[in-house]
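Take a look at the structure below.
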Amino acid sequence: MTIEIRILKGDELEAALPDLAKLRIKIFRDWPYLYDGTMEYEQAYLSRYAQTEGAVIVGAYDGDTLVGAATGEPLEQEVIQFRGPFEDKGLDPREIFYLAEALLDPAYRGQGIGHLFYDEREAHAKALGFSTAAFCAVIRPDNHPLKPDNYSPLDDFWRKRGYDKLAGGIVHFPWQDVGEDVESEKPMQVWIRSL
2 MTIEIRILKG
12 DELEAALPDL
22 AKLRIKIFRD
32 WPYLYDGTME
42 YEQAYLSRYA
52 QTEGAVIVGA
62 YDGDTLVGAA
72 TGEPLEQEVI
82 QFRGPFEDKG
92 LDPREIFYLA
102 EALLDPAYRG
112 QGIGHLFYDE
122 REAHAKALGF
132 STAAFCAVIR
142 PDNHPLKPDN
152 YSPLDDFWRK
162 RGYDKLAGGI
172 VHFPWQDVGE
182 DVESEKPMQV
192 WIRSL
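Following this note's numbering, the numbering of the sequence shown begins with 2 at its first residue and continues without gaps.
Dropping the structure here:
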């Protein structure tokens, strides 16, 4: 299968938001996020990308179908839950590009698309003058009843790309888990690297 990687900004970015919302709901439903999302929430949450200067979506397309996407925006434009842990550590959000979601349909994994997602977002961040890139990954207990037996965390992948955990850098962000009736805050570990 041939996958086309497209860098989406401006009107193209805005046009891709409904497909990104569907992809987020589908992929984040799985471990470790277990997100029980709705299109209504997604449309409100993702609309900020269309309004943020410097935001980008790196889309992976099979024909006209979005099968994967990775997003990013200047950390200074992110919600306080994401900015706060950096500020608490004395880091300047104006120098950091935040790599938000990275999603890929399981049928397309293992082809190097994940690396392209990071390559393209890091190149975008550098072109905008950012010196640092960072992202967050949800923290789940090892004994969680929904953890698959064959789950392999991405820590080694991220370390090979030069990222490391920011000591004490924990973001708390709410969402509704599969099987829950209400949202609850989830801890997320900050990963960071110099560009």
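Quick reminder that beta carbons are idealized off the backbone N, C-alpha and C, glycines included.
A Cβ-Cβ distance of about 6 Å is found for the pair Arg25 and Glu43, placing them in contact under the 8 Å criterion. In this structure, DSSP gives Ala138 an extended state, which the three-state scheme calls strand. The closest CA to that of Ala70, considering only Ala22, Gln177 and Thr53, is found on Ala22. Apart from sequence neighbours up to five positions away, the residues of its chain that approach Gly38 with a beta-carbon distance below 7 Å are Arg25, Ile26 and Phe29, ordered along the chain.
The C-alpha of Gly180 lies about 31 Å from the C-alpha of Glu15.
If you draw a straight line from the Cα of Ala135 to the Cα of Arg162, it is about 12 Å long. In the three-state reduction of the DSSP assignment, Ile4 falls in the coil class.
The beta-carbon separation of Val139 and Leu167, rounded to 15 Å, does not stay under the 8 Å limit for a contact.
Spatial neighbours of Ala51 in its own chain (CB-CB distance under 7 Å, excluding positions within 5 residues in sequence) are listed in chain order as Leu14, Glu15 and Leu18. A direct Cα-to-Cα measurement between Arg141 and Arg84 gives close to 21 Å. Residue environment: Val183 is assigned as exposed (fewer than 16 neighbouring CB atoms within 10 Å of its CB, all protein chains considered). By the Cβ-count criterion, Pro86 is buried, with 16 or more other Cβ atoms from all chains shown falling within 10 Å of its own Cβ. Using a 10 angstroms sphere on the CB of Leu129, the tally of other CB atoms stays under 16, which defines it as exposed.
In the structure shown, the three-state DSSP call for Trp32 is coil. Per DSSP, the beta bridge partners of Trp176 are Ser185.
Tyr42: member of the alpha helix (DSSP H) spanning Met40 to Gln52, first to last residue. The Cβ neighbour count for Met40, taken over all protein chains shown within 10 Å, is under 16; the residue is labelled exposed. Comparing alpha carbon positions, the residue from Arg110, Tyr36, Leu76 and Ile193 closest to Pro94 is Leu76. Note on the stretch 54–114: whole beta strand (DSSP E) runs with a minimum of 3 residues are 57–63, 66–75 and 97–105, in chain order.
From the listed residues Asp156, Gly91 and Gly60, the smallest Cα separation to Leu104 is found for Gly60. For Lys10, same chain residues with a beta-carbon under 7 Å away, outside a window of 5 residues either side, are Val57 in chain order.
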